[in-house]
Structures are given as C-alpha cells and as structure tokens.
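Line by line, the protein sequences give chains A and B.
To get the numbering used here, take the position in the first sequence, counting from 1, and add 3.
To get the numbering used here, take the position in the second sequence, counting from 1, and add 6.
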Amino acid sequence: MPKGISQALYMRFSYIVDEHCIIRSAFIPIVNGETCLITGVENTSFYLLGGIVAGLFPISEQVEWPQMQALIRHYTGTLKIEEGELPQTAGYVGPNPDHYLFFSLVKEEIVVQTKKSEAVANVLTTFGLDESFCEREILSLSGGEKMKVALAIAFSVSHPCYVLHGVIPWLDKKGRQHLLKHIRQVTLSGSCVVLLEQEVYPLLEVANRSLRFDGMTTKIKEEDLLAETVIGTAFQRHLQSLAHSFYNPLPPDLGPDQQPTLEFVDVTLYQHPGLSQERLHPLFHSISFRFHQRCIYALVGDNGSGKSTLVHMALKIILPDSGTILFRGAPLSSLDRQAISQCICYVGQFPEQQIIHGTIEELRMKLERQEQALALGFLSKWLPLSDETRIFSLSMLEIKLLCLISFITHNTKLIILDEPTWGLDQVGQAQFFKAVEEVCADLRVTLLIVSHDISVLRELNTKVLWIKDGHLHFFESVTELFSDALAQSHLDLPAN
Amino acid sequence: MVRNYLKSIDLYLKIMLVLLINYLLYPFMIDDIHLRTYFYRLAAMTVFIVGMYGLIFSPKAVMLMLCLWFLGNLYYLAVSIPLIYSSATLTPYMHLSTVINRWLYALSHPLRWLAALALGSIFVGSISPIEFLRWGNVGLYMAVFFRMIENAIQNLANTRTALQIQGEWPEAQSWLSYFAPKFILKSIRSCIALVIITYRNILLWSPKAFVHFHILQGTTQDFGKGVEQ
C-alpha cells in the first residue's frame, strides 16, 4: 500500500486482454472530495484506465461481427480488482467528444443524457454557452464547443465520481475556468474527480494527488509536479533546438527569403460555408498578415473563433468572400490543387482521417511511384514498420508522423500542424517535434502551429496570431503576447 | 422553415409518407397504354421532391446531386440506348409496343432514382435519432445506426477535404473539363477511394460509439416513460 494513504481510500486493479496483462496493479485513489491527477504514457492502457474507473470497461457483450470483435477486443478483457472497489456510478468524458454526443441537436443530447426536458439551457450556461446552443446541430459545433457541451452534460448529473480524460487541450481559457469551477463544486459536495491529462499546469490548483502512469501501472509522483510537467527537460531541449533553426526576430536583410510564403490581404469571410446558421458578425473581418520563410507562427484563439477555417482558407478548401490570399507572391486561387499539395504540408488534428492508405505497403508504393525520395527516407528512419502494418493499428504518434512524412516533398514551403501535441504524451510530443525539426532542417519552410498549448509555443519562441471576434492580433513573440493586457484576460497563459 | 416543419411531424407519419411516396414512384399495375401518364406523373413528382430537397438543404446541394446524377446517366444511357432500339425485353411485366414507350420506360429509372435519393435525404434531414428512443432498446439500436449514417456523411465530407488537400480529388478548371476523360477517370477513382476510406473511418469510430451505446443503454431504458419534468 502506498505511503500516506489509508486502505479505504483507494482501489487497485489489473486488466487482462487475450491473456496479456495490459494494466498491472494500477493504484487509483478514489477519495471523496478530492481530485486525483494522473499523467504519463498515453497509450491504449491509459485510455482503458480511465474507462475502467468510470465503469465503462470491461464490456460483457460479445459481438457476432468478427471485424468489430477485433476492434473492441480491448474493451472486453478481464478486470481483476485486487483492493478497494469501483465507484458506484461515474460521469465520464473522454478525449474525443465526438464519440460521446449521439444525437442531432445539442438540446436532444441534454434531454437524453440528463433525463431533463425542462431548463435544458441552464445545463449549457454553467459552461459559458448561451441558450442559442440548444438549437445548434452537433455536427456544426467546433471541437472545443463539443467538448464544452459534453462536460456541461457530465457535470449536470450528480455522480460520486467524475473521470475526465484529455479534455484540457480542447478548452480555451473560459472553458478551463468553468472546468475548474465545476471540479471545485463537485469535490466540495463530496464527489471524487479523476483527471487523466498530459497538459497538467491548468489543473495544478485543483489536484490533491498526482500519479504517473508508466504505460502499465500507476505510481505516486513525489516530485514537484509543476517543475516537471509544465514542459519536461528533454522535451524543452527539442523545442528550443527546433526554435533555433528558425528566424525570430526576422533579419533585416532576408535576401531571397524576402518573398512572403503566405500573405492574406484584407480577407473577409462572412461565415463558414458548411454552416447554415447565419452569423451576426463576419467570421473574419478584413484580416491581413504575412508569413515569411524560416519563421514559426502560432495561431491561437477561443473555441469556435475560426482557427481551422483560416487554415482551410490557406489550403484553398474555403474561398474568402473578399480579399486576396497570396502564396509566394501568386494568388492562391490561380494555383491548381497539385501545386498546393506539393507546397503545403498539413497535419490535421485528426490525422487518421487524412491517411487514405490501408497499409504501410500501399503508402510506400505510392511514394515510390511519385519518386518522393525525401518522404521515403523519413519513412524508413522514423517509422521502420513492416509493409503489412495496417494504418488503424498505429498509435496516435505514429499516425501523426506518418501524416507529416507522407505529405512532405522537396517543394514544401509551408508546414501546418493543427494541435500537434493533442493525444500525445511528453515523450511522444518530443519525438514528433524532433521529426519536425529534421524535416525543417532540410527544407527552408515556414511553420504554422495551431494550438491552445501556450507553454509549447513559448518554448518554440513563435510569432503569434490571435483571432478574437473576427479580427487578428499579431504579436512578434510569446513574450509580447504575455505582456498584452487583453491577451492576458482571454488566453490561458502558463506560469513563467 | 420547411425543415423545421418536417421535423415537427410525428415519426410514424413521416415513415408513412416516405413509404407512400416511394410506392407512387414505382409503376405498379401500370400497362403500356398508361405508361405516358405514369411518366409525366413521375417527372412532376421528381421535380417537386428535388425542389423540396433544394429548399431544405441548399441550391448548391441540388446542383451537386444533379451533376452526379447526370454523370451517372451518361453511363446508363450508353448501356440502355442499344437495348431500346434492339428487340431486348426491358421489363417482363409490361409489353412495350412502341419505341417512345421503350424510351419512356428506360428514362423512368433514372428519374425514380433521383426522386428516391432526394426523398431519402429529406427523410434523413428531417429526423433525429432521439425520435427512435420511444421504441426502447430497439430504438436505441436504430439511433446508433442512424448516427452512423450521420457520421458517415460527415466523414465523407472530411475525407473529401483530405483527398482535396492531397490533390487526390478532381477539380474542374472550367465546365468543359467535367467532360474530359481524364477528369471522369479521376472522379471514378477518387469516388471509390472516398467510399473505402469512409468505411474504414466508420469502423474506427464504431468501437467508441459502441462504448457510448452501452452507457446510453442504462440512461435510455426508461426513456419516454418517465422523463423528469
């Protein structure tokens, strides 16, 4: 039994799948009125750990369909509770809110999950979402908005325990503040909260206990959580090394780099073309900026502010209502799709949706056919996997690396990484950024990172574009962003 | 407005309407003499249904559907025109005495497909999975299946964007390029890839949905019987 914790306050369990123990004697304190923060290796076992505490796994039902059976085999394992017991009921929100919202409208989701047919708007207002969200279609919400809805629903139902996994990266400052307020409220009323997170600094003020998961079991973290987990030393080294290969500040004489890689001139977009609901104000109002070669830029903003839409405009997926977008001096609209895909490498937040090949062999054959020697070189170095490896069996890190590698060409001028740290632990994040560094070393590229994780952006010493109410605010560095009073009040800036 | 009105209609009535309209689309009990009347009725119904589809979704969605339909028709006509002018039996249920009737019968197929597709889309757009929960656990299964369709539609759009970003999706520079063989070949190849990738993505989505389904089984077992007022 761990030192300092009495027997009645914790549970210990193992989880076996296909005769392999994938969680071994994991210890979880389930203490009424307390919050336990677990961080560490982000793998299948980590996902299962949260699900087991929440009572989701194991699932007893057997499915006839063999393909499905293979996909859910991790959920149908054997749970061995060695000490203590599971909470009677638990509220659970996992890392992808899309999986937990099932119905067409937000209102319907609330009615079904909370069994309340009246005052459904009150559920949302507790998470800072106004009443108009009730009538919104789930599919029209941004990722952050979906997460806020999922959390609002989870906290509106009373449970002895709440398990939240990977929710922080989705939330803007207001969302994080609401989350902390809810955690405090439920713990004050005697519930227990178990948090499984990689980005831990926003949670330090509410965490009573912290554990580290090593990929198979949990251990009590006795060292100072803040010192180690804001940014690990090894990871910090990688980020700083990557930052050194880019300009900041921009040298006065750029020579051949003078031509901006990407330029938005007075670009206005009234609303996302995929949404039917009309906006009161334009999504982007006459925004202008320039991205120079060999510079790192970060795009930050609240949930639903239009970060992904702006990226899609840079990729010519969405066309602006007015204004011009220039890519290396030429109007983006005049470039054909092949030229754009050769020059811009985009790794989205859900890279698994971008991979169009079934196996590594299919991808390798395509790269060979297109004579992408650079990508093939990176593939054999960073992902030395067998040809038969199926893409859906890869981890999130491997999928992100695969995406990065397969879209890199000798002509790449702009790399866009949408939430690159999401779904990765610190070791994974370090590995991913090391690969990015290596790619960038070979090419004179511009790097754009879309992220809520300001601590990573600070280490990368990026220039920052902050979208607020349809307008763009530009900062030469994260330090400048930190010193801006308006930014301080809207963005979740980590402690120095 | 039309969509909201359709959404407010009871589920049973919606199902009845869909079944009835679908029945009227088919030439049941029609003989050679009345084929022309049937064809005009079918054409009028198709125009009405596609118009409703445009009103509920968007004129852009109608254009996209019509483009795909037109493309499919080119292949269909390439196969059916020789059959119309030869002595082949187009249907064993009807004796088609004139060439005009043979044409009308052959053209009724693509019209019916278009109407059925638009009708199905209107039905899907005017229904929510929550409506199925009144049928208990069976309804929950249907809700999951329905959600899977919704997810597949969203996934199709995401996958298409992914293909577009990678230059794997055909983009016409002008309306003439729609007819270029290279464009048509790439369209077919990309559409096949789109369906395969979407199927894979749905498979990847389904385990997590399966877990949520289990959570909901507990929540919805008495749904509709005693929702807290």
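Backbone N, C-alpha and C define an ideal beta-carbon position, used for all residues, glycine too.
Whose C-alpha, out of the options, is nearest the C-alpha of residue i?
i: R76 of chain A; options: B:F216, B:L222 and B:I221; result: B:F216
i: Y193 of chain B; options: B:K20, B:L77 and B:N10; result: In the sequence as presented, Tyr is not what sits at residue 193 of chain B; that position holds Ser. Answer by Cα proximity: B:L77.
i: L113 of chain B; options: B:I133, B:W75, B:M148 and B:E137; result: B:W75
i: K214 of chain B; options: A:I33, A:I457 and A:F60; result: A:F60
i: M35 of chain B; options: B:K13, B:Y99, B:W181 and B:M154; result: B:Y99
i: L52 of chain A; options: A:A246, A:G178, A:P32 and A:Y273; result: A:P32
i: Y91 of chain B; options: B:Y147, B:S103 and B:Y81; result: B:S103
i: G380 of chain A; options: A:I347, A:T220, A:S409 and A:R240; result: A:S409
i: L108 of chain A; options: A:S244, A:V56, A:S135 and A:I84; result: A:S135
i: I221 of chain B; options: A:V160, A:I223, A:Q116 and A:K224; result: A:Q116
i: A199 of chain B; options: B:Y111, B:Q172, B:F185 and B:E137; result: B:Q172
i: S396 of chain A; options: A:I26, A:A73 and A:E138; result: A:A73
i: G146 of chain A; options: A:F330, A:F353 and A:K119; result: A:F353
i: C164 of chain A; options: A:I141, A:L272 and A:G54; result: A:G54
i: E85 of chain A; options: A:V314, A:H284 and A:I19; result: A:I19
i: H247 of chain A; options: A:H455, A:H474, A:K437 and A:S492; result: A:K437
i: G178 of chain A; options: A:L206, A:T190 and A:S161; result: A:L206
i: I62 of chain A; options: A:L338, A:M399 and A:T79; result: A:T79
i: K310 of chain A; options: A:L463, A:H474 and A:V56; result: A:H474
i: W39 of chain B; options: B:M7, B:N107, B:L96 and B:A124; result: Checking the displayed sequence, the identity of residue 39 of chain B turns out to be Ile instead of Trp. Among B:M7, B:N107, B:L96 and B:A124, the Cα nearest to that of I39 of chain B is on B:N107.
i: E45 of chain A; options: A:F478, A:S398, A:A124 and A:C195; result: A:S398
i: I419 of chain A; options: A:E441, A:W385 and A:I347; result: A:I347
i: A210 of chain A; options: A:N464, A:V442 and A:V197; result: A:V197
i: W119 of chain B; options: B:L209, B:S212 and B:V53; result: B:V53
i: T42 of chain A; options: A:R212, A:L405 and A:E138; result: A:R212
Could you check whether residue j and residue i sit closer than 9 Å to each other, using their CB atoms as the reference points?
i: W469 of chain A; j: V303 of chain A; result: yes
i: E200 of chain A; j: L460 of chain A; result: no
i: L366 of chain A; j: A317 of chain A; result: no
i: I290 of chain A; j: D269 of chain A; result: yes
i: F219 of chain B; j: L146 of chain B; result: yes
i: H162 of chain A; j: P90 of chain A; result: yes
i: S183 of chain B; j: E111 of chain A; result: no
i: Q432 of chain A; j: P423 of chain A; result: yes
i: V114 of chain A; j: S120 of chain A; result: yes
i: V467 of chain A; j: Y300 of chain A; result: yes
i: I50 of chain B; j: G351 of chain A; result: The sequence shown places Ala at residue 50 of chain B, rather than the Ile named in the question. Cβ distance not < 9 Å, so A50 of chain B and G351 of chain A don't count as in contact.
i: A163 of chain B; j: Y59 of chain B; result: no
i: K471 of chain A; j: L484 of chain A; result: no
i: T362 of chain A; j: G326 of chain A; result: no
i: F106 of chain A; j: R153 of chain B; result: yes
i: F30 of chain A; j: Y50 of chain A; result: no
i: L41 of chain B; j: P33 of chain B; result: yes
i: N464 of chain A; j: S454 of chain A; result: no
i: I128 of chain B; j: I55 of chain B; result: yes
i: G169 of chain A; j: W425 of chain A; result: yes
i: A378 of chain A; j: L388 of chain A; result: no
i: L407 of chain A; j: F435 of chain A; result: yes
For residue i, collect the residues of the same chain with a Cβ closer than 7 Å to its Cβ; drop the 5 residues on either side in sequence, then sort them by chain order.
i: A153 of chain A; result: V96, P100, Y103 and L104
i: A376 of chain A; result: none
i: S48 of chain A; result: I25, I26, G218 and M219
i: I202 of chain B; result: none
i: K222 of chain A; result: L214 and R215
i: S86 of chain B; result: A112
Below 8 Å CB to CB, which residues in the same chain sit around residue i once its five sequence neighbours on both sides are set aside?
i: T129 of chain A; result: A155, F158, S159, H181 and H185
i: L17 of chain B; result: I133, E137, F138 and R140
i: A122 of chain B; result: N28 and L31
i: A67 of chain B; result: Y59 and G60
Would you say residue i touches the ligand MN, meaning its beta carbon is less than 8 Å from a heavy atom?
i: G60 of chain B; result: As for the ligand MN, it is missing from this structure, which has no ligand bound.
Which same chain residues end up closer than 6 Å to residue i when comparing Cβ atoms and leaving out the 5 residues on each side of it in sequence?
i: D305 of chain A; result: D175
i: E231 of chain A; result: Bear in mind that a pLDDT of 49 at E231 of chain A, under 50, signals an unreliable position, so the model cannot answer this.
i: T165 of chain B; result: L200, I203 and T204
*Along the chain, which unbroken stretches of the alpha helix (DSSP H) at least 4 residues long are found entirely within the segment 103-180 of chain A?*
109-117, 123-128 and 146-159
_Pairs of beta-carbons, one from the segment 34-44 of chain A and one from the segment 94-102 of chain A, closer than 8 Å: are there three or more?_
no
*At a cut of 8 Å, does the segment 149-167 of chain B reach the segment 39-58 of chain B through at least three beta carbon pairs?*
no
*Identify every run of the alpha helix (DSSP H) within the segment 131-206 of chain B, keeping only runs that are complete inside it and at least 4 residues long; order them along the chain.*
142-171
_Below 8 Å, how does it come out for the segment 445-452 of chain A and the segment 288-298 of chain A: are there three or more Cβ pairs, yes or no?_
yes
*Any chance the segment 328-340 of chain A sits against the segment 11-22 of chain B, with 3 or more Cβ pairs inside 8 Å?*
no
*Does the segment 340-350 of chain A touch the segment 358-365 of chain A, meaning 3 or more C-beta pairs lie closer than 8 Å?*
Touching, no.
_Minimum length 3: unbroken beta strand (DSSP E) runs contained in the segment 321-380 of chain A_ = 325-330 and 347-350
*Which runs of the beta strand (DSSP E) fall wholly inside the segment 394-482 of chain A and span at least 3 residues, in chain order?*
417-421, 449-453, 466-471 and 474-478
_Give the list of continuous alpha helix (DSSP H) stretches no shorter than 4 residues that lie fully inside the segment 274-306 of chain A._
none
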